[in-house]
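Undergrad: First residue of the sequence shown? That's 19 in the numbering used here, and the numbers climb one at a time after it.
For glycine and all other residues, C-beta sits at the position ideal for the given N, C-alpha and C.
Have a look at the structure that comes next, please.
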Amino acid sequence: MLRLDEASPVGVSNEFSTPVDAVGHAGRAAVRTAIGGEEGTVDGYYGPDVSAPYVVTDDPEYYRIATETVRSVSAPGYAYTVAVDALDSFLFGPPQSTSFAELPAHDRDTVLDALGDASLVHAPHYPPFEVTFAYPSAERRERSRFVPENDGQRVAWDGELLRFSFEEERSVEVRTVAVRADRVASSQRGFREAVGEERGRSLDNPTEDQRAVLDAAIDSEYAEAPPLSDPFAAVVDAVSTGDGVAPLVRYDGDWYFAQLARPD
Numbered sequence: 019m020l021r022l023d024e025a026s027p028v029g030v031s032n033e034f035s036t037p038v039d040a041v042g043h044a045g046r047a048a049v050r051t052a053i054g055g056e057e058g059t060v061d062g063y064y065g066p067d068v069s070a071p072y073v074v075t076d077d078p079e080y081y082r083i084a085t086e087t088v089r090s091v092s093a094p095g096y097a098y099t100v101a102v103d104a105l106d107s108f109l110f111g112p113p114q115s116t117s118f119a120e121l122p123a124h125d126r127d128t129v130l131d132a133l134g135d136a137s138l139v140h141a142p143h144y145p146p147f148e149v150t151f152a153y154p155s156a157e158r159r160e161r162s163r164f165v166p167e168n169d170g171q172r173v174a175w176d177g178e179l180l181r182f183s184f185e186e187e188r189s190v191e192v193r194t195v196a197v198r199a200d201r202v203a204s205s206q207r208g209f210r211e212a213v214g215e216e217r218g219r220s221l222d223n224p225t226e227d228q229r230a231v232l233d234a235a236i237d238s239e240y241a242e243a244p245p246l247s248d249p250f251a252a253v254v255d256a257v258s259t260g261d262g263v264a265p266l267v268r269y270d271g272d273w274y275f276a277q278l279a280r281p282d
């Protein structure tokens, strides 16, 4: 089964890029530095966490993000499970706690790195999540509030109460990651062309029978049971890659998102 859906500039932007402000906490500053023309770095247990191959600024300007681990050291890692309770959910008032702002800066950053999107902690009934505190610096480890003997700590954070339960100590790798950015486009339309040229397939000079297949795939979908006809087999071969199907297909000057389901 083949289906082709219109790939608008906005749709391609949403599918293949991440706004800089939506990059995970661990890598956001480094990505901004890289976009500014310098090499950004991320030091810590948590990596840059760029969920798409490209990022986009408000302008919009689109950048391809590349990362490289330049150093890695082993360090003790203290894993905690964090449960989230609303501060106003306690009948007789919340238990004693520490303010998030009172934590050492590197502990605050680690919690934010683990969350990625800090707004998630405010979601109703947000499930417990794991945080691993790991620092190559002995001085930072000594100043951390999260060591095995400090089990069951509660931290108040913007109307929520975070309860930290120690799980285990294990050796982990703490990395230094270099972040670089290369500009690929300065508009949504230009970005669509750049992604299409890099990752898409262009269907040039299809036959009349192949056009019938493509037009049906655009109208709804086109399907055949094996053995495939020559026109359909040719179209399938044209949109296929080593990893499956090309994410974008150009036909008669327009771009489409491609979906291909092969029969069992």
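So residue 81 and residue 165 are supposed to be a Cβ contact under 8 Å. How far apart are they, rounded?
TA: About 39 Å separates the two Cβ atoms, so there is no contact after all.
Undergrad: Return the first residue and the last residue of the alpha helix (DSSP H) that residue 188 is part of.
TA: Premise fails: residue 188 lies in the beta strand (DSSP E), 178–203, not in any alpha helix (DSSP H).
Undergrad: Output the boundary residues of the alpha helix (DSSP H) element that contains residue 34.
TA: That run of the alpha helix (DSSP H) goes 27–34.
Undergrad: Can you tell me whether DSSP reads residue 20 as helix, strand or coil?
TA: Correct three-state label for residue 20: strand.
Undergrad: For residue 27 and residue 101, what's the separation of their Cα atoms in angstroms?
TA: Taking the straight line from one Cα to the other gives about 40 Å.
Undergrad: Between residue 194 and residue 67, is the Cβ-Cβ spacing less than 8 Å?
TA: For residue 194 and residue 67, no; Cβs fall outside 8 Å.
Undergrad: Buried or exposed: residue 170, going by 16 or more other Cβ atoms within 10 Å of its Cβ?
TA: The residue in question, residue 170, is exposed, as its Cβ has fewer than 16 Cβ neighbours within 10 Å.
Undergrad: From 114, 190, 72, 65, pick the residue whose C-alpha is nearest to that of residue 133; which is it?
TA: Cα-wise, what sits closest to residue 133 is 65.
Undergrad: In whole angstroms, give me the CA-to-CA distance for residue 124 and residue 143.
TA: Their backbone Cα atoms lie some 27 Å apart in a straight line.
Undergrad: Would you call the stretch 79–96 in contact with the stretch 181–194, where contact means no fewer than 3 C-beta pairs closer than 8 Å?
TA: These segments touch.
Undergrad: For residue 204, I'd like the list of residues in its chain whose CB is within less than 6 Å of its CB, leaving aside the five on either flank, ordered along the chain.
TA: Excluding positions up to five away in sequence, the list reads 79.
Undergrad: Here's the rule I'm using: 16 or more other beta-carbon atoms within 10 Å means buried, otherwise exposed. How should residue 154 be labelled?
TA: With 16 or more other Cβ atoms within 10 Å, it is buried.
Undergrad: Give the single residue among 236, 75, 112, 52 whose Cα lies nearest to the Cα of residue 84.
TA: Here the closest residue by C-alpha is 52.
Undergrad: For residue 187 and residue 122, which I take to be in contact (beta-carbon distance under 8 Å), what is that distance rounded to the nearest angstrom?
TA: Not quite, the Cβ-Cβ distance comes to about 19 Å (not below 8 Å), so this is no contact.
Undergrad: Using a Cβ-Cβ cut-off of 6 Å (strictly less than) and excluding sequence neighbours within five positions of residue 21, which residues of its own chain qualify?
TA: Once the five neighbours on either side are set aside, the close Cβ partners of residue 21 are 235, 239, 277.
Undergrad: Give me the residue from 266, 118, 242 with the minimum Cα distance to residue 173.
TA: Selected option, being the one with the closest Cα: 118.
Undergrad: For residue 263, which residues of its own chain have a beta-carbon under 8 Å away from its beta-carbon, when the five flanking residues on both sides are left out?
TA: Closer than 8 Å at Cβ, skipping near neighbours: 257, 276, 277, 278.
Undergrad: Mind pulling the beta strand (DSSP E) runs of 3 or more residues that sit fully within the stretch 234–276?
TA: Counting whole runs of 3 or more residues, the stretch 234–276 contains the beta strand (DSSP E) stretches 266–269.
Undergrad: Using the three-state DSSP reduction, which class does residue 121 fall into: helix, strand or coil?
TA: Three-state DSSP puts residue 121 in coil, outside helix and strand.
Undergrad: Cα separation between residue 286 and residue 25?
TA: Since the first residue shown for the chain is 19 and the last is 282, residue 286 is missing from the structure and cannot be characterised.
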